Amino acid sequence: MTLPETTQLAGRRRARANGWAGNALRFLVIIVTTYLGLLAVTFFIGRVIPIDPVLAILGDRAPAHVVERTRELLGFNKPLYQQFYIYVRDALTGNFGTSVLTTNPVMADIRRVFPATLELATFGTIIGSLIGVPLGVLAAVKRGSIADQIVRVIGLVGYSVPIFWLALLSLLLFYARLKWVAFPGRIDIVYEYSFTPVTGLYLIDSAWQGQWDVFRDVFRHIILPASLLGYFSLAYISRMTRSFMLNELAQEYIVAARAKGLSESRIIWVHALRNAAVPLVTVIALSYAGLLEGSVLTETVFAWPGLGLYITNSLQNADMNAVLGGTIVIGSVFIAINILSDLLYRTLDPRTRAR
Amino acid sequence: MMHSLNKHARMLTAGAALSLLLMAGAPAFAETPADTLVQGWAIDDIITMDPGEAFELSTAEVTANTYSYLVRLDLNDTSKVVGDLAESWTVSDDGLTYTFKLKPGLKFASGNPVTAEDVAYSFERVVKLDKSPAFILTQFGLTGDNVTEKAKAADETTFVFTVDKAYAPSFVLNCLTATVGSVVDKKLVLEHVKAVTPSEEYKYDNDFGNEWLKTGYAGSGAFKMREWRANEVVVMERNDNYYGEKAPLARVIYRHMKESSGQRLALEAGDIDVARNLEPGDFDAVSKNGDLKTTSAPKGTVYYFSLNQKNQNLAKPEVAEAFKYLVDYDAIGSTLIKGIGEIHQTFLPKGVLGELDENPYKLDVAKAKELLAKAGLADGFSVTMDVRNTQPITGIAESIQQTLAQANIKMEIIPGDGKQTLTKYRARTHDIYIGQWGQDYFDPNSNAETFTVNPDNSDEGKVKTLAWRNAWDVPKEWTEQSKAALLEKDAAKRAEMYKDLQKKVLANSPFVIIFQQTEVAGYRGNLKGFKLGPSFDTNYVFNVSKE
Numbered sequence: 001m002t003l004p005e006t007t008q009l010a011g012r013r014r015a016r017a018n019g020w021a022g023n024a025l026r027f028l029v030i031i032v033t034t035y036l037g038l039l040a041v042t043f044f045i046g047r048v049i050p051i052d053p054v055l056a057i058l059g060d061r062a063p064a065h066v067v068e069r070t071r072e073l074l075g076f077n078k079p080l081y082q083q084f085y086i087y088v089r090d091a092l093t094g095n096f097g098t099s100v101l102t103t104n105p106v107m108a109d110i111r112r113v114f115p116a117t118l119e120l121a122t123f124g125t126i127i128g129s130l131i132g133v134p135l136g137v138l139a140a141v142k143r144g145s146i147a148d149q150i151v152r153v154i155g156l157v158g159y160s161v162p163i164f165w166l167a168l169l170s171l172l173l174f175y176a177r178l179k180w181v182a183f184p185g186r187i188d189i190v191y192e193y194s195f196t197p198v199t200g201l202y203l204i205d206s207a208w209q210g211q212w213d214v215f216r217d218v219f220r221h222i223i224l225p226a227s228l229l230g231y232f233s234l235a236y237i238s239r240m241t242r243s244f245m246l247n248e249l250a251q252e253y254i255v256a257a258r259a260k261g262l263s264e265s266r267i268i269w270v271h272a273l274r275n276a277a278v279p280l281v282t283v284i285a286l287s288y289a290g291l292l293e294g295s296v297l298t299e300t301v302f303a304w305p306g307l308g309l310y311i312t313n314s315l316q317n318a319d320m321n322a323v324l325g326g327t328i329v330i331g332s333v334f335i336a337i338n339i340l341s342d343l344l345y346r347t348l349d350p351r352t353r354a355r
Numbered sequence: 001m002m003h004s005l006n007k008h009a010r011m012l013t014a015g016a017a018l019s020l021l022l023m024a025g026a027p028a029f030a031e032t033p034a035d036t037l038v039q040g041w042a043i044d045d046i047i048t049m050d051p052g053e054a055f056e057l058s059t060a061e062v063t064a065n066t067y068s069y070l071v072r073l074d075l076n077d078t079s080k081v082v083g084d085l086a087e088s089w090t091v092s093d094d095g096l097t098y099t100f101k102l103k104p105g106l107k108f109a110s111g112n113p114v115t116a117e118d119v120a121y122s123f124e125r126v127v128k129l130d131k132s133p134a135f136i137l138t139q140f141g142l143t144g145d146n147v148t149e150k151a152k153a154a155d156e157t158t159f160v161f162t163v164d165k166a167y168a169p170s171f172v173l174n175c176l177t178a179t180v181g182s183v184v185d186k187k188l189v190l191e192h193v194k195a196v197t198p199s200e201e202y203k204y205d206n207d208f209g210n211e212w213l214k215t216g217y218a219g220s221g222a223f224k225m226r227e228w229r230a231n232e233v234v235v236m237e238r239n240d241n242y243y244g245e246k247a248p249l250a251r252v253i254y255r256h257m258k259e260s261s262g263q264r265l266a267l268e269a270g271d272i273d274v275a276r277n278l279e280p281g282d283f284d285a286v287s288k289n290g291d292l293k294t295t296s297a298p299k300g301t302v303y304y305f306s307l308n309q310k311n312q313n314l315a316k317p318e319v320a321e322a323f324k325y326l327v328d329y330d331a332i333g334s335t336l337i338k339g340i341g342e343i344h345q346t347f348l349p350k351g352v353l354g355e356l357d358e359n360p361y362k363l364d365v366a367k368a369k370e371l372l373a374k375a376g377l378a379d380g381f382s383v384t385m386d387v388r389n390t391q392p393i394t395g396i397a398e399s400i401q402q403t404l405a406q407a408n409i410k411m412e413i414i415p416g417d418g419k420q421t422l423t424k425y426r427a428r429t430h431d432i433y434i435g436q437w438g439q440d441y442f443d444p445n446s447n448a449e450t451f452t453v454n455p456d457n458s459d460e461g462k463v464k465t466l467a468w469r470n471a472w473d474v475p476k477e478w479t480e481q482s483k484a485a486l487l488e489k490d491a492a493k494r495a496e497m498y499k500d501l502q503k504k505v506l507a508n509s510p511f512v513i514i515f516q517q518t519e520v521a522g523y524r525g526n527l528k529g530f531k532l533g534p535s536f537d538t539n540y541v542f543n544v545s546k547e
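If you read the protein sequences in the order shown, they are chains U and W. Note that the first sequence covers residues 1 to 355 in full-length UniProt numbering. Note that the second sequence covers residues 1 to 547 in full-length UniProt numbering.
And the structure:
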C-alpha cells in the first residue's frame with residue numbers, strides 16, 4: 001500500500017466519521033426541538049383553555065380561601081413563561097410533577113398504565129400483521145379475483161367503521177350473547193389479589209410464573225380488544241402489502257426467477273416479499289406506534305386501564321402534569337419506533353448497510 | 001429461507017388453533033365470588049382517601065363504610081342523629097360545650113384502642129391541614145391556634161368540644177356526621193407523618209399523615225380500605241375489629257366503569273353485582289329483567305338554573321318570576337328525569353330538617369308574558385345559557401330554550417365541558433347557568449347558606465356562595481334569618497324558620513329550582529340488603545349479603 005493510498009483511506013474514514021458525528025448531531029437537534037415543541041404546544045394549550053386548573057384539582061365545593069392558597073402553592077399566579085421555565089427545569093431532572101387526579105408522580109402512573117397499553121398494542125399488531133400480510137400477498141397474487149375483492153372489502157370495513165361501534169357490537173356478540181370472552185378490564189377480580197405482576201405484561205407474567213389459569217383469564221380479557229385493534233391495523237397493513245407486492249411482482253428479477261424455474265411460492269414468499277418487506281416495516285411500525293399512543297375509544301369501552309384512558313381522563317380533568325407527561329412518553333415512543341424501524345431497514349435492505 | 005417461513009406459518013396456525021381452544025373452553029356464566037360484592041361505578045372523581053381532605057361523592061361512600069364518627073345520621077329519621085363511637089353526649093346549658101362519652105372497648109382496624117385522644121387528633125389535623133371540607137368544623141370557631149384547646153380529650157373516653165356560639169345542637173351534631181368528622185388512628189398516622197418546612201401559608205412542621213392517608217387507611221369502620229387505584233378500583237375488606245355487627249361479606253370491590261351500557265352488560269352477565277350509573281334507558285331494561293332488581297333513593301342534590309343579576313334584563317324581579325313560569329316541569333319530570341329525579345322547587349332537599357314540599361310553579365306562558373310586559377320586555381330579549389355536555393342537563397336546557405321562545409325570549413345555549421362552565425360561573429361572567437348543587441353536610445344550613453347568604457356582593461367578596469356567584473344582593477333580613485336559624489335550639493322552630501326562608505326564595509330570587517336527584521342502582525337478584533341511603537355518605541354496604 002502506497003502512502004497516498006493510506007492517506008486517502010484515512011481521509012475517507014475521517015469523512016465517514018464526521019458524517020456519523022454530523023448525523024448523530026442532526027438527530028440530537030431534531031429530538032431536542034421535537035421535545036421542546038411538543039412540550040411548549042401542550043403546555044400553552046393546557047394553560048389557555050378556559051378551565052381554572054385549581055378548580056380541576058379541588059372540585060366545585062372547595063371554599064374560596066383554599067382555592068387561593070392552592071393557586072399560589074402551585075404557582076398558577078406566576079406569568080406563563082415563568083411557569084413554563086419551571087416546568088422544563090423540573091422535567092430535565094426527571095421530575096414531571098404529580099398527577100392531581102391520582103396523587104401519584106406522573107411517571108409512576110405512566111409506568112403502571114403503559115404496560116397495559118403495550119401488551120394490548122403488541123398483541124393487536126401481531127394479529128394485524130400475521131393476518132394482514134398474508135391477506136395482502138394473496139390479494140396481490142390473485143389480483144382482480146374474488147379473493148382480491150374480499151380482501152378489499154375487509155379492508156374497507158376496517159377503515160371506515162368507527163371502532164367504538166364495532167367494539168360495542170362485538171361485546172354484545174362475543175361477551176353478552178356467546179359468552180366466549182371476558183369483560184371488563186384486564187383480569188378477573190378473582191385473580192386480582194392472587195397474582196403479582198412483575199413486568200406488567202400480564203400474559204408474559206402469568207406464563208412465566210406458570211399460573212395457567214391466570215393466563216387463560218388474561219387471554220380471555222385481552223383477545224377481544226386486541227382482535228379489534230388487530231383488525232383495525234390489518235385493514236391498513238393488507239392494503240399496503242398488496243400495493244408493495246404488486247410493485248415487486250412487476251420487477252424484472254421476478255421474471256428472471258421464473259425463467260430460472262423457481263417454484264411460484266418461492267418467488268412470492270422469498271423473493272418478492274423479502275423486497276416488499278422493507279417499506280412494509282415502516283407501515284407496521286407506524287401502525288404499532290399509533291396503537292401504542294393508547295387507543296382511547298377501545299380502552300374506554302373495555303375499561304382497559306391503559307395510557308389512552310389515563311390521558312383522556314387527565315385531559316377531561318385538566319390534569320396538565322399528567323397530560324404533559326403522557327405526551328412526552330408518546331413522543332418518545334414515536335422516536336424510539338422510528339429508530340427501531342431504521343435499524344430494521346439496515347438489516348433488511350443491504351443497500352443501506354455501511355460498507 | 002423457505003423452510004423457516006413455513007415454520008412461521010405453522011406456528012401461526014398452531015397459535016390460532018390454541019386461541020380458538022381457549023375461547024371455546026370458557027364457562028357459560030360468569031359469577032363473582034360468594035363472599036365478594038363487586039360494584040360497577042364511575043369513581044373517577046376520587047382524588048384522595050384522606051377523610052380530612054376528601055370532599056368528593058365517591059370518596060364519601062367509601063369513607064362512610066370504612067371510618068367511624070362520633071355520631072351518625074339516623075337512617076330511620078334523617079332529621080336526627082345516633083351515636084357511632086359515642087355512647088352518649090350532653091350539651092352544656094350555655095350551649096357552648098359538647099361532651100361525648102365513647103363506647104367502651106373500641107378498637108381500630110389496626111388493633112389500637114380508640115380513645116378520646118384519637119378524636120381530638122382527628123379534629124386537630126382537619127383544622128390545621130385546612131383542606132376543602134375543613135370549614136364544616138372551622139365554622140364553629142376552631143382555628144389552628146385554638147383547636148387543641150377547643151377539641152380535647154378530658155380522659156381516655158371523654159371528648160369535649162367547645163363551640164364559639166350557642167348554635168342549634170341539631171346543627172352541630174349534623175355537621176359531625178359528615179365524613180370530615182371521621183376518627184383516625186392517631187398512633188398509626190403518627191408512624192407515617194412526613195416532615196414539612198413551616199411556611200407563611202402552612203405553619204406546622206409535619207403533614208399530619210396527609211400524604212400517606214391519600215391512599216392509606218387508619219379507621220375503625222365496618223370495612224377497612226385496602227386499596228385505591230385511581231380510575232381503576234377501590235377494594236374494601238371486612239374489619240374484624242369493628243365494634244358493631246360484623247359485615248357478612250369479606251370484600252367489597254368498586255370497579256371503575258364509566259359507561260352505563262357497559263355496566264348493564266356486565267350486570268346482566270354477572271361480572272358485577274351492582275351497576276351504579278345506569279341511565280334511564282338502561283335502568284328501564286334492568287328493571288324488566290327477571291334476574292335483576294333495582295332500587296332508588298332521593299339524594300340531597302337539587303338541579304337548578306340561575307340568573308346572573310349583573311345582566312340588566314335578568315335583574316328585574318318580574319323577569320325572574322317569568323322564568324319560573326317558563327319551565328315545562330311536567331314534561332321534564334315525565335321524560336328527561338324519569339326515574340332519576342323528582343320535580344322539586346324549594347332549596348332544601350327532601351329528608352333534611354325543614355324540608356318544604358311545595359311546587360307551585362307550572363308552565364304558564366300567558367302569565368309569563370304578562371310579567372315580561374310589566375318589566376317592559378313584552379318583545380322579549382336575547383340571553384345565553386352555559387350548559388355542560390351531560391344528560392340530563394343538556395336535555396333540560398333544550399326544553400327551557402323551547403319554552404322561553406314561546407315568550408319571545410331567545411336563549412342561546414353555550415355548550416361546554418363541566419369544568420369550563422363552572423370556571424365561567426365562578427367568575428360571574430355567565431348570563432344563565434344550569435347545574436346542580438349537592439349539600440355539603442346533612443343540615444339545612446348547608447343549602448340555606450349558599451342560597452340566602454351574601455354579605456359582600458362586590459367582585460372581591462370573600463364569601464362565594466351561589467347567591468354571590470349570581471351577583472344577587474340578598475335582602476339583609478333574609479341573611480339575618482338564615483343566621484338566626486343556626487342558633488335556634490328548638491328543632492321544630494328551627495325547621496319553621498327554614499320553611500319560611502324557602503317560601504321567600506321560591507317567590508323572589510334568581511334561582512329556578514327544577515328537581516331533586518334520585519340515585520338509582522340495578523343489582524343481581526341474589527343480593528340481600530342492598531339499599532341506597534338518603535345521602536352519598538350513607539350508601540352503606542355492611543348489611544349486604546349474598547344468597
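Beta carbons: idealized from backbone N, C-alpha and C, even for Gly. A quick note: this is a predicted structure, and the numbers were derived from the prediction, not measured.
Annotation: the continuous alpha helix (DSSP H) that includes residue 240 of chain U extends over 212 to 249. Counting only Cβ-Cβ distances below 8 Å, residue 261 of chain W has contacts in chain U at 168, in chain order. Residue 39 of chain W: not part of any alpha helix (DSSP H); member of the beta strand (DSSP E) spanning 36 to 41, first to last residue. In this structure residue 541 of chain W is in contact with residue 37 of chain W, their Cβ atoms being roughly 6 Å apart against a cut-off of 8 Å. Chain order gives the chain W residues near residue 66 of chain U as 130, 131, 132, 134, 135, where near means a beta carbon separation below 9 Å.
No beta strand (DSSP E) of 3 residues or more sits fully in the stretch 472 to 504 of chain W. Spatial neighbours of residue 408 of chain W in its own chain (CB-CB distance under 7 Å, excluding positions within 5 residues in sequence) are listed in chain order as 379, 380. Per the DSSP secondary-structure output, residue 107 of chain W pairs in a beta bridge with W:113.
When DSSP states are grouped into helix, strand and coil, residue 520 of chain W belongs to the strand group. Non-local C-beta neighbours of residue 220 of chain W in its own chain, meaning closer than 8 Å and more than five positions away in sequence, comprise 67, 68, 85, 106, 107, 108, 109, 114, 183, 185, 239, 241, 242, 243, ordered along the chain.
A Cβ of chain W is located within less than 9 Å of the beta carbon of residue 63 of chain U. In the displayed model, residue 201 of chain W falls within coil according to three-state DSSP, outside both helix and strand. DSSP places residue 390 of chain W outside both helix and strand once states are collapsed to three, so it counts as coil. At least one C-beta of chain U is nearer than 9 Å to the C-beta of residue 420 of chain W. Annotation: the stretch 306 to 340 of chain U contains the following complete segments of the alpha helix (DSSP H) (minimum length 4 residues), in chain order: 307 to 316.
The DSSP-derived three-state label of residue 155 of chain W is strand. Taking a C-beta distance under 9 Å as the contact criterion, residue 305 of chain W and residue 236 of chain W do not qualify as a contact pair.
In chain order, 176 make up the part of chain U whose C-beta sits under 7 Å from the C-beta of residue 268 of chain W. Nearest CB-CB separation between residue 77 of chain U and chain W: not below the 9 Å threshold. The beta carbons of residue 162 of chain W and residue 78 of chain W sit about 27 Å from each other, so the pair does not count as a contact at 8 Å. In chain order, 439, 440 place their CB closer than 6 Å to the CB of residue 446 of chain W, counting only its own chain and leaving out the 5 sequence neighbours on each side.
Taking 9 Å as the CB threshold, residue 33 of chain W lines the interface with chain U.
Close partners of residue 255 of chain W in chain U (Cβ separation under 8 Å): 184, 185, 189, 303. In this structure, the CA atom of residue 168 of chain U is about 7 Å from the CA atom of residue 301 of chain U. Rounded to whole angstroms, the separation of the alpha carbons of residue 368 of chain W and residue 459 of chain W is 31 Å.
Cβ proximity to chain U below 9 Å picks out 201, 202, 211, 214, 215 from the stretch 187 to 219 of chain W.
Taking the Cβ atoms as the reference, residue 274 of chain W lies roughly 4 Å from residue 523 of chain W, within the contact range of under 8 Å. Taking one beta carbon from each stretch, the stretch 162 to 178 of chain W and the stretch 480 to 493 of chain W have 3 or more pairs nearer than 8 Å; the two touch.
DSSP places residue 313 of chain W in the coil class of the three-state scheme, outside both helix and strand. Between residue 305 of chain U and residue 111 of chain U, the gap from beta carbon to beta carbon reaches 9 Å or more. Counting C-beta pairs closer than 8 Å gives three or more between the stretch 111 to 121 of chain U and the stretch 304 to 322 of chain U, which meets the contact rule.
Rounded to the nearest whole angstrom, the C-alpha separation of residue 99 of chain W and residue 158 of chain W is 7 Å. Annotation: Cβ neighbours of residue 101 of chain U in chain W (cutoff 7 Å, chain order): 47, 230. Taking CB atoms only, residue 61 of chain W has no neighbour in chain U less than 9 Å away. Near chain W, meaning a CB-to-CB distance below 7 Å, the residues of the stretch 216 to 245 of chain U are 216, 219, 220, 223. Annotation: the stretch 333 to 363 of chain W contains the following complete segments of the beta strand (DSSP E) (minimum length 3 residues), in chain order: 341 to 343.
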